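Trainee:
Here it is, written out as structure tokens:
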């Protein structure tokens, strides 16, 4: 209760400062209950600030000619100065965004500070007489502009939230008001000046006296800054900002406990805020940047160069008309934004934004096409400003519909504005200077067209974000009480797990209802305190996976929580995706695949049955039969030393064959033929799959709508059981015995697609029931007690139960948790036959075609796989009905069968699938096989660490198999002739060649273990050797990476003096060899990728040479825990470099084949040339033709050089592997055709060879 109370209090506070902004339920300082009049006053204050902003920003436009004269420059140089202002705007936005988000309560002071800085810079402009000084001043002017916008826009959005569209337009209309005043202010201080050049030419220029008007602008900015600070102290009513408190009572906590919980919960809230902000930025950053780059760039080009274009362009308007034109544009600029305020209340913002985009481009196009005169300029300037000016604030309103306009978002707005304005102003100045003033309308029209595309992109991305992350974003009623709202936004949860490694305290924690699984993981990591930073978790509530937010899940499942009810969330380690281990190929449709332990059997329509090892690449044995195989089933799996393996096959021949496979002799014999069916055998089922069942039987189902039960005994019996006690002697020992069924079950009215043994009520003295499914849309349960004779059997056999499904059934899988059924309506059904009404769970709709096969997981009651005609195998969890866990892709045709048998002797599980594309695939869970290299000085305790570490790894992780590669053991094998009293490594380290052989064998054995155990359960390989050469450690790193496994270094840092003392006591190495090994040792460096991660351990000082003591035991236990946490439980995916992946070489005689093919082509070319033919074609390949007229003469010398080039081309293909275009051509005819095409495409190069 203490933790819950404290966390509730903290989240109440965080809702007012951070959390409410993230959920659009209010804002930190200005929440929804703020007085309406107070919000209006603040909006008016921001409007006045934007008036000053527009005044000091746009007063620069009419002054361009004066800048050119004062600084003795041209329009291109002035364009560069204006670009520096946009660069300053970028830096100002960066600072403003940081201040706006870091100091939320003081945003109004940041705006005021921007105004003061703008006043200072605008007052300094008249004193700039060089391009450099003007650029520096305008840079700081841009900083002021960026700081204001980066703070002002979030400030306004915090006042009005999602209703910010209209207020944004009103505030930004102030920019137009200020900008419209600028030309009139400057006109009062404009006078004419004559300039006499050296050649006597007199030019009259318009000069503006900048000092007085610029000082006026600066004073207005300072006054507005003071006024804005005063307005900003208007606060909501006192009772609305009252902070929640915690009542002190039985459940109150100490100050220390309160602070600990406060830190943890604040961390979670911060992480949740950052995650939400990251999601927003992921969607809208690029569209915002591109839109405002085009938008502001277009605006700057039009406003800055309109005066120059009108005055010096085709129309040559007088200066008075140019001032009028500029003033009219900015008046319309302001009025359009004011008019947009009421319009935004009627028209949805996205539609209004789209209309404005199209209208602005249409007016720009008209401005470009219309004749050049005063009236046209004035009309299109008014229309262009009417559509163009509201785009900036309306765009911010569109963004606010997806997320609050924070300082970070405003930074990207200003970043795009700076980049676009800088680029387009610089380009505009350059184009107007070089191409003339008449290029101005074309620039405006093209930038407006680009603006449409980026604007539509912003509308689409904000819509997608709202749809995916904020489907229920409508605000709550404003009359709701603040305390109740805070309680409704949170829920009390506790975490539990069945994995003892990640157990956490069970006390309740208050978290927002809007928390998703990422937020739950962040909370869990705080509770685990660094124990599982690299582990991913899934979360379950009431035995169902949580998807989306907690609020969405509770509403979907219609879960109503009582006050202060604590919900229990179970977390589990996220399952890794299965990996494709191998592929089995047949020449035709593969109809069945089954595994028993490490052996796989597949049957195909090509009439073959393959037996192979689960990790093998080639079949162990292939049976070729005269019928198309439809089904196969293991009866018993024998061993190499004893007992034959028994399996059965059936197909279109209408009979079942029983086979005995001698594994040791790789010999397969048909021991019986079971006849009785009248149609194709559809499925087989063995009673040996039922644990505790001693009945030696198997069942078959057929297209003839019947099920038959047969003896699975491989002995050549006299058929007593089949004939009711009548003895028969076999007439010939050479013929294959023919069996008849013990029981025939009839009742289905259509093909019986699948039969299986049912587990319920099985004992060692009873025969299990059979269960079957059929195309007649029924599931039937059968009693099959074969008894001692046919009469007894008949009385105890028959249909027990029938369940009608309503759709044709193709497969079923039986387990204790239910009957899994595949139907043609694309749905999976799970039936519980223990219930009277056979309750069914229906769902798991993810396939696009009917289901063909299903299989329960043998080790988990909540997972199964399905195959379908949509060519996909899906892995499902019953606790998640909406979507599968994984899709196993790769098949090119219908999936005909899936299998998930019990694990092999190593405990590894395999998922098998067969397809009509002629392939079967074997999948396995991702293997974790880290490689640990021990290194250090001789006698530093490496072997002791390896032995103790291996034991602890086996004890702490029972699923882990530890392989230790001992340098001493391999050394004894190399130096077998050395006496046993001397360590064999003495002689090896004294001989360079033997030392290289030792390292080579260690590397080879490591590679064999890592490669040979591919697909095994968790494995850890320890290499107990000196490993003193860093180049050798890099080679071992490459070996691990080639097998997609991590490598780590365990460095025994025992000091040299202690190692010498240990060596002296054990007399392992002579002094000179010991010193040599120490000198050659290259210490591992944790910053190198082949020495990372690096674990260090040191032998403590002890009485004996290798007495570890309690301290050493603790050190090794800590090391084992770190290895398990960092490596064995890691989800890090290691991708091999191309250099570590061995390429598949071509055939051994491939070069000889290329030689013969090229010689044949050359001979044909020379013969055709001698006859005067214009072209030559290959025999049997009339479409492959080389035009001899393209070359004047194909001389033997030219052809010999071409042949050498072709061989180089072929060798480059060989080096790239078997998947390249060159090495796919293996026959002589294919290579000949390739050589002819090579000559044709390289004809010009061949001509240059002469």
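In my numbering, the protein residues as written are 6 to 1255.
Ideal placement from N, C-alpha and C gives every residue a C-beta, glycine not left out.
This one's a predicted model, so the numbers in the text were calculated from it and none came from an experiment.
Tell me where the alpha helix (DSSP H) around residue 82 begins and ends.
Mentor: 80-107
Trainee: Quick check on residue 1172: buried or exposed, where buried means 16 or more other Cβ atoms within 10 Å of its Cβ?
Mentor: exposed
Trainee: Between the stretch 1062-1079 and the stretch 1005-1015, do three or more beta carbon pairs fall short of 8 angstroms?
Mentor: no
Trainee: Which complete alpha helix (DSSP H) runs does the stretch 1014-1097 hold, if anything under 4 residues is left out?
Mentor: 1035-1047, 1061-1071 and 1076-1085
Trainee: So, residue 885 versus residue 552, is the Cβ gap smaller than 9 angstroms?
Mentor: yes
Trainee: The beta strand (DSSP E) spanning residue 565 covers which residue range?
Mentor: Per DSSP, residue 565 belongs to no beta strand (DSSP E) and is neither H nor E.
Trainee: Considering just the uninterrupted stretch of the beta strand (DSSP E) at residue 368, what are its terminal residues?
Mentor: Taken as a continuous stretch (DSSP letters only), residue 368 belongs to no beta strand (DSSP E), being part of the alpha helix (DSSP H) at 354-374.
Trainee: Which residue's Cα is closest to the Cα of residue 850: 586, 832 and 124?
Mentor: 832
Trainee: So residue 938 and residue 1084 are supposed to be a Cβ contact under 8 angstroms. How far apart are they, rounded?
Mentor: With a Cβ gap of about 20 angstroms, residue 938 and residue 1084 do not count as contacting.
Trainee: Could you compute how far the alpha carbon of residue 419 sits from the alpha carbon of residue 101?
Mentor: Roughly 10 angstroms separates the two Cα atoms.
Trainee: To which residues does DSSP link residue 521 through a beta bridge?
Mentor: 554
Trainee: By Cβ distance, which residues of its chain are closer than 6 angstroms to residue 192, with the 5 residues on each side in sequence left out?
Mentor: 328
Trainee: Find the nearest neighbour of residue 398 within the set 668, 922 and 179, judged by alpha-carbon distance.
Mentor: 179
Trainee: Check for me: the alpha helix (DSSP H) holding residue 1169 runs from which residue to which?
Mentor: 1155-1176
Trainee: Tell me whether residue 651 is buried or exposed, calling it buried when 16 or more other Cβ atoms sit within 10 Å of its Cβ.
Mentor: buried
Trainee: May I have the straight-line CA-CA distance separating residue 757 from residue 742, to the nearest angstrom?
Mentor: Using only the alpha carbons, I get a separation of about 26 angstroms.
Trainee: What separation, rounded to the nearest whole angstrom, lies between the Cα atoms of residue 563 and residue 161?
Mentor: 38 angstroms
Trainee: When the Cα of residue 818 is compared with those of 904, 788, 883 and 774, which residue comes out closest?
Mentor: Relative to residue 818, the option among 904, 788, 883 and 774 whose CA is nearest is 904.
Trainee: Kindly indicate which three-state DSSP category residue 849 falls into: helix, strand or coil?
Mentor: coil
Trainee: Would you give the residue range spanned by the beta strand (DSSP E) that residue 629 belongs to?
Mentor: 626-629
Trainee: Can you give the Cα-Cα distance for residue 1245 and residue 454, rounded to whole angstroms?
Mentor: So the two alpha carbons sit approximately 47 angstroms from each other.
Trainee: Between which two residues does the alpha helix (DSSP H) containing residue 347 stretch?
Mentor: 324-349
Trainee: Counting only runs of 3+ residues fully inside the stretch 928-1011, write out the beta strand (DSSP E) ranges in chain order.
Mentor: Listed in chain order, they are 936-941 and 966-971.
Trainee: Just tell me which of 787, 822 and 1104 has its CA closest to the CA of residue 753.
Mentor: Out of 787, 822 and 1104, 787 has the C-alpha closest to the C-alpha of residue 753.
Trainee: Return the first residue and the last residue of the alpha helix (DSSP H) that residue 915 is part of.
Mentor: Where residue 915 is concerned, there is no enclosing alpha helix (DSSP H), although the beta strand (DSSP E) it sits in stretches over 915-920.
Trainee: Among 457, 1183 and 1202, which has the Cα closest to the Cα of residue 1240?
Mentor: 1183
Trainee: State the Cα-Cα distance for the pair residue 1215 and residue 1165, rounded to the nearest angstrom.
Mentor: For residue 1215 and residue 1165, the distance between alpha carbons rounds to 17 angstroms.
Trainee: What does a CB cutoff of less than 7 angstroms around residue 1090 pick up in its chain, not counting 5 residues either side in sequence?
Mentor: 1096
Trainee: For a quick check, are the C-beta atoms of residue 686 and residue 635 less than 9 angstroms apart?
Mentor: Between residue 686 and residue 635, the gap from beta carbon to beta carbon is short of 9 angstroms.
Trainee: Nearest CA to the CA of residue 126: which residue from 150, 701 and 501?
Mentor: 150
Trainee: Would you mind stating whether residue 777 and residue 805 have Cβ atoms separated by less than 9 angstroms?
Mentor: no
Trainee: Going by other Cβ atoms of all chains shown within 10 Å of its Cβ, with 16 needed for buried, is residue 19 buried or exposed?
Mentor: Bear in mind that a pLDDT of 36 at residue 19, under 50, signals an unreliable position, so the model cannot answer this.
Trainee: With three or more C-beta pairs closer than 8 angstroms as the rule, is the stretch 319-338 touching the stretch 417-437?
Mentor: no
Trainee: By the DSSP assignment, the beta strand (DSSP E) with residue 138 in it spans what residues?
Mentor: From DSSP, residue 138 is part of no beta strand (DSSP E) but of the alpha helix (DSSP H) over 136-165.
Trainee: Is the beta carbon of residue 642 less than 9 angstroms from the beta carbon of residue 601?
Mentor: yes
Trainee: I'd like the list of long-range same chain contacts for residue 1052, defined as Cβ closer than 6 angstroms, with 5 residues on each side in sequence excluded.
Mentor: 936, 1042 and 1045
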